[in-house]
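S.K.: Residue 288 is where the sequence shown starts when you use the working numbering, and the numbers rise one by one after that.
Yeah, the Cβ is synthetic: ideal placement off N, Cα and C, and Gly gets one too.
Quick caveat, the model's predicted, so the values are computed rather than measured.
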Amino acid sequence: MLSLILSLTAFYFSVVAAVHLPSFDYSGQNQVKLTPDKKVLVQLGVMSRCPDALLCESVFNEVLDRVPDKVNLSLVYVATDRITGPTYKINSIDETEPDFGVWCMHGRQECAGNVQQLCVNKYAPASNWWEFVKCQNYQGRENVGLPEVVFKCAKTADVDLLAGGAGRCIGLDGSGTAAEGVALLRESARFGHQLGISCVFLYYSMRLWNSNRYHRKSCTVLISGRKVCVHDGNWKDCEGGHSVNDFVRQIEEEYERLNG
288 MLSLILSLTA FYFSVVAAVH LPSFDYSGQN QVKLTPDKKV LVQLGVMSRC
338 PDALLCESVF NEVLDRVPDK VNLSLVYVAT DRITGPTYKI NSIDETEPDF
388 GVWCMHGRQE CAGNVQQLCV NKYAPASNWW EFVKCQNYQG RENVGLPEVV
438 FKCAKTADVD LLAGGAGRCI GLDGSGTAAE GVALLRESAR FGHQLGISCV
488 FLYYSMRLWN SNRYHRKSCT VLISGRKVCV HDGNWKDCEG GHSVNDFVRQ
538 IEEEYERLNG
């Protein structure tokens, strides 16, 4: 008799629990999404002391304010490719450059600025990294890369250079010449070369032919790996437009394509 009562009681509570369980319609609009949406990869091919880069980054600062959850933004740093010798070999890495192993169009201080931003990007959250970049830009492009600016902007962006690892990557003196940071710069230069956003100078037997003969592509805007716009003195090759609204529209369209 007792076993019968226990069985009936268990049956009753199982029915009640089933009645009160939430239900999901997996075929309709209430479908539960188990995977997060894919963000749109946006890459800016830049040089840290280039006026085109600073303008481009200021535009994308407004873009990020509009679509912060739909974008994965990264900066690819443009190095100077050199065409050398009768075979016209193109080199983005040059071991004769003593500190960085690459040449930067606006001098070694720009190489240092590139390294500083790469290291902060590696070790700090994305929002802090972007604040760091904006702070450096605000100091004026002629000051990007200076050690004192690194320390000032790290404090402004709440980046702990010591505990977070960025300081060792940059160099504890802020010079941007530490081995890890230099390796990041070389990797970025190679990647920029692959994307076709390098700066090309023509050399023969290590002698400059003509300093005005170069092909510069900073700032180059890529969305999902596709070049959509270039700012090189002015906006060029921008089929989809070059305003904040234009970039936001293109990102939202790509976001829908990726997640539709």
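If distances are taken between C-alpha atoms only, which option among 392, 547, 453, 415 comes closest to residue 505?
M.R.: Counting from 1 along the sequence shown, the entry for residue 505 is found at position 218. That would be 392, whose Cα lies nearest to the Cα of residue 505.
S.K.: In whole angstroms, give me the CA-to-CA distance for residue 474 and residue 481.
M.R.: What you label residue 474 is simply residue 187 of the sequence shown in a count that begins at 1. What you label residue 481 is simply residue 194 of the sequence shown in a count that begins at 1. The straight-line gap from Cα to Cα measures roughly 11 Å.
S.K.: Does DSSP classify residue 521 as helix, strand or coil?
M.R.: Against the sequence shown, residue 521 aligns to sequence position 234. Three-state DSSP puts residue 521 in coil, outside helix and strand.
S.K.: Cutting at 8 Å between CB atoms, please list the residues of its own chain near residue 531, excluding the five before and the five after it.
M.R.: As a working note, residue 531 is residue 244 in the sequence shown. Once the five neighbours on either side are set aside, the close Cβ partners of residue 531 are 346, 349, 350, 353.
S.K.: Report the three-state DSSP secondary structure of residue 516 (helix, strand or coil).
M.R.: For the purposes of this step, residue 516 is taken as the residue at position 229 of the sequence shown. Strand at residue 516.
S.K.: Tell me the DSSP secondary structure of residue 360 in three-state form.
M.R.: One-based indexing of the sequence shown puts residue 360 at position 73. It is a strand residue.
S.K.: Given 8 Å as the limit, is there contact between the region 440-458 and the region 394-409, that is, 3 or more CB pairs closer than that?
M.R.: Yes, since at least three Cβ pairs between the region 440-458 and the region 394-409 fall closer than 8 Å, the two stretches touch.
S.K.: In the DSSP output, what is residue 468 paired with across the bridge?
M.R.: Working through the sequence shown from its first residue, we reach residue 468 at position 181. According to DSSP, which records beta bridges pairwise, residue 468 is partnered with nothing at all.
S.K.: Which value, in whole angstroms, describes the spacing of the CA atoms of residue 522 and residue 529?
M.R.: Position 235 of the sequence shown, counted from the start, is the residue given in the question as residue 522. Position 242 of the sequence shown, counted from the start, is the residue given in the question as residue 529. Computed Cα separation, rounded: 7 Å.
S.K.: Return helix, strand or coil for residue 448, following the three-state DSSP convention.
M.R.: Along the sequence shown, read from residue 1 onward, the residue named residue 448 stands at position 161. It is coil, neither helix nor strand.
S.K.: Measuring straight from C-alpha to C-alpha, what distance separates residue 420 and residue 514?
M.R.: The residue given as residue 420 occupies position 133 in the sequence shown. The residue given as residue 514 occupies position 227 in the sequence shown. Approximately 22 Å between the Cα atoms of the pair.
S.K.: Could you give the distance in angstroms between the alpha-carbon of residue 409 and the alpha-carbon of residue 452?
M.R.: On the sequence shown, residue 409 is found 122 positions in, with the first residue counted as 1. On the sequence shown, residue 452 is found 165 positions in, with the first residue counted as 1. Using only the alpha carbons, I get a separation of about 9 Å.
S.K.: Of the residues 445, 324, 433, 484, which one's Cα is nearest the Cα of residue 413?
M.R.: Taking the first residue of the sequence shown as 1, we reach residue 413 at position 126. It is 445.
S.K.: Let me know the secondary structure DSSP gives residue 333 once reduced to three states.
M.R.: On the sequence shown, position 46 is the one that residue 333 refers to. Strand at residue 333.
S.K.: Do you know whose CA, among 395, 418, 533, lies nearest residue 442's CA?
M.R.: Working through the sequence shown from its first residue, we reach residue 442 at position 155. Of the candidates 395, 418, 533, the one whose C-alpha sits nearest the C-alpha of residue 442 is 418.
S.K.: To the nearest whole angstrom, what separates the beta carbons of residue 472 and residue 387, a pair I think is in contact under 8 Å?
M.R.: In the sequence shown, counting from the first residue as 1, residue 472 sits at position 185. In the sequence shown, counting from the first residue as 1, residue 387 sits at position 100. Indeed they touch by this definition, with Cβ atoms about 6 Å apart.
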